[in-house]
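Residue numbers (full-length UniProt numbering): 1 to 604.
All C-beta atoms, glycine included, are put in the ideal place defined by N, C-alpha and C.
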């Protein structure tokens, strides 16, 4: 993450050393549990992610791409020392358009980035705390020391659903240098589309309730962990946030050091002996438990499949389509004073995304650059798993591996609600996973920055004002079906309607707004089932349940018809009082029966 910066005031070195020790010490304390990590939080269903002091590498002499990226208009702009930008990225196929545009770790002559007048340095860094520290270092140098050539890094690219956690830890530090020096999101260069996944036994996929009492490995509070959290929430399964205990009624976790370590813990057959609890209450017994599931991304999923096998994709970013945009997070003051430069950088990345989308030879070139930048695997590897494949694992099971998408300008306009009649999907993603984080770890992360504070759409608007996308946004296509074939989630919602009517109460509208955010994260087809208690005539209850089910559909479409077209609703039906989930003999039971069941799944 990012690094801390030496200051020019007299006591600067002492201050920097203190801040370095504070940041590093706090992270180490959390990682190794010197500071307790929400041990007092009872299991619950989630509600509906040594600071080096090296200088910035100076720009290398530009070289020429050995393979032309594609015919593009040649700009008269040239790279110069004043246009240097440094960013840190994970090894992630979703960034292929950006890498193609740059031509490598350093902008090369003839590349799209060069033609846009930007000289960009990209560094792989899989360490989130270090990314944060490097951004702190930049902010101190730029915002406090007024350095014309600040050290640290200008931006990072991380998973969008992990942004609440990332910014909750980073922005309070940056705000000390000035509120206008916090980090903000300015765009997204791609998406995970299947490679990030929650892998587990096939029984869990067929019946999610069988995951109760399971033990999974993940880098906690990160994007892949978020996939599992949403799946648990969608299926009404509790999560045990205490990774030192075992609750047989909830899903339990082993804290891994990285997404690769999570996969290795399953492969190695990692086991622990833990104290047994029930809803957080000690049961005065212990149990040996072994890792049965993994939250990871490519190449972690490939490691699981090839080295041991036995797990399938329970749910991934193919089903939770909008969950993981590869968002660009940059220093707010830097962006404000360098809007044109940042617009050119994103415009080049978006053009690179368009080329990768439409030209297989260009995708191959992007894969070569990926292997060079990430210093891992081969071009064939990155190309194969960019597309996503279904392969036999070590035990003969068919397992889906990999899968990414790159973004152009149109994808960004859709994601951030800047197209005509659109809604801000990213805001829904940010809030859904921010709320999960706070609910599961209230002591560790009591709050996260509001989305309106950290989202800057000016850069995208600037690009859109002078650019028309050549390739349209990559959107899910829905064809009319008669029902969900493969259920991913089933959850009951208590939605407030006026007595005896299908009109929503204010409370009901708030519940549907939450439902809208939860469902907007996915591209799954939807079934809506209305239910009533047994008070009144059966015929009236049947009619009322149907009207309320259609009221839910109508409300979602009013918020965003582009994301909720008619074809996305596989079934909308009323069942009257035929399917109670509690006795109708008490008011509490009748209240549970007055519900709307939402089923999410695939059409095949």
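Give me, in chain order, the residues of the same chain whose beta-carbon lies closer than 6 Å to that of residue i; leave out the 5 immediate sequence neighbours on both sides.
i: residue 298; result: 195, 385 and 402
i: residue 276; result: 246, 283, 285 and 287
i: residue 243; result: 253 and 255
i: residue 469; result: 408, 409 and 410
i: residue 604; result: 485
i: residue 351; result: 112
i: residue 86; result: 56, 121, 153 and 154
i: residue 240; result: 43, 247, 250 and 252
i: residue 61; result: Below a pLDDT of 50, predicted positions are generally treated as unreliable, and residue 61, at 36, falls in that range; no measurement from the model is reported.
i: residue 263; result: 294, 296, 300, 303 and 304
i: residue 496; result: 505, 507 and 508
i: residue 534; result: 577 and 584
To which residues of the same chain is residue i closer than 7 Å at the C-beta, ignoring the five residues directly before and after it?
i: residue 139; result: 174, 177, 181 and 331
i: residue 567; result: 478, 479 and 480
i: residue 70; result: Residue confidence for residue 70 is low, a pLDDT of 45 falling below 50, so the modelled location carries little weight; the figure read from the coordinates is stated next. Contacts found: 355, 359 and 362.
i: residue 210; result: 203 and 204
i: residue 11; result: Its pLDDT being 43, under 50, residue 11 is placed unreliably by the model, and the measurement read from it follows with that caveat. Around residue 11: no qualifying Cβ.
i: residue 348; result: 101, 112, 113, 116 and 118
i: residue 457; result: 416 and 418
i: residue 18; result: At residue 18 the pLDDT is 42, less than 50, meaning the model places this residue with poor confidence; the figure from the coordinates comes in the next sentence. Excluding residues within five positions, none has a Cβ falling inside 7 Å.
Quick check on the DSSP output: the beta strand (DSSP E) that includes residue i runs from which residue to which?
i: residue 597; result: 595-602
i: residue 129; result: It is not in any beta strand (DSSP E) - residue 129 instead sits in the alpha helix (DSSP H) that spans 128-139.
i: residue 292; result: Run containing residue 292: none; DSSP gives neither H nor E here.
i: residue 186; result: 183-192
i: residue 252; result: 252-255
i: residue 85; result: 84-89
i: residue 570; result: 569-574
i: residue 526; result: 525-531
i: residue 405; result: 404-406
So, for residue i: in the same chain, excluding its five sequence neighbours on each side, which residues have a beta-carbon less than 8 Å away from its beta-carbon?
i: residue 378; result: 371
i: residue 464; result: 409, 413 and 418
i: residue 260; result: 296, 299, 300 and 303
i: residue 459; result: 186, 187, 335, 339, 342, 343 and 346
i: residue 396; result: 309
Please identify the residue among the options whose C-alpha is closest to the C-alpha of residue i.
i: residue 189; options: 279, 389, 317 and 410; result: 410
i: residue 131; options: 318, 166 and 98; result: 166
i: residue 315; options: 459, 391 and 228; result: 228
i: residue 511; options: 94, 482 and 595; result: 595
i: residue 517; options: 333, 557 and 487; result: 557
i: residue 129; options: 559, 168 and 94; result: 168
i: residue 444; options: 155, 451, 434 and 450; result: 434
i: residue 491; options: 117, 238 and 123; result: 238
i: residue 357; options: 474, 87, 91 and 565; result: 474
i: residue 117; options: 338, 515, 520 and 164; result: 338
i: residue 383; options: 591, 494, 508 and 97; result: 97
i: residue 150; options: 268, 162, 334 and 236; result: 334
i: residue 326; options: 589, 554, 344 and 95; result: 95
i: residue 431; options: 521, 206 and 106; result: 521
i: residue 398; options: 390, 524 and 127; result: 390
i: residue 601; options: 592, 574 and 524; result: 524
i: residue 453; options: 136, 124 and 183; result: 183
How about residue i: is its C-beta nearer than 7 Å to some C-beta of chain C?
i: residue 495; result: No chain C is present in this structure, which holds just one protein chain.
So what does residue i bridge to, in DSSP terms?
i: residue 159; result: 326
i: residue 391; result: 399
i: residue 200; result: 312
i: residue 487; result: 601
i: residue 605; result: There is simply no residue 605 to check, as the chain begins at 1 and stops at 604 in what is shown.
i: residue 504; result: 497
i: residue 482; result: The partner list for residue 482 (beta bridge, DSSP) is empty, contrary to what the question assumes.
i: residue 282; result: 277
i: residue 217; result: 254 and 294
Terminal residues of the continuous alpha helix (DSSP H) containing residue i?
i: residue 273; result: Careful: residue 273 lies outside any alpha helix (DSSP H), inside the beta strand (DSSP E) at 271-278.
i: residue 435; result: 425-440
i: residue 414; result: 409-415
i: residue 260; result: 259-267
i: residue 333; result: 332-337
i: residue 548; result: 538-559
i: residue 212; result: Element bounds for residue 212: n/a, residue is neither H nor E.
i: residue 374; result: 360-374
i: residue 231; result: 223-234
i: residue 112; result: 112-115
**Study point:** Inter-stretch contact at 8 Å, needing at least 3 Cβ pairs: the stretch 307-321 / the stretch 195-206
**Key:** yes
Point to revise | Meets three-Cβ-pair contact criterion under 8 Å: the stretch 540-549 and the stretch 514-530 | key: yes
Practice item. May I ask you to verify whether the stretch 142-158 touches the stretch 422-438, counting CB pairs closer than 8 Å and requiring at least 3? Key: no
Practice item. Determine, using beta-carbon pairs with one atom in the stretch 442-456 and one in the stretch 575-595, whether at least three such pairs fall under 8 Å. Key: no
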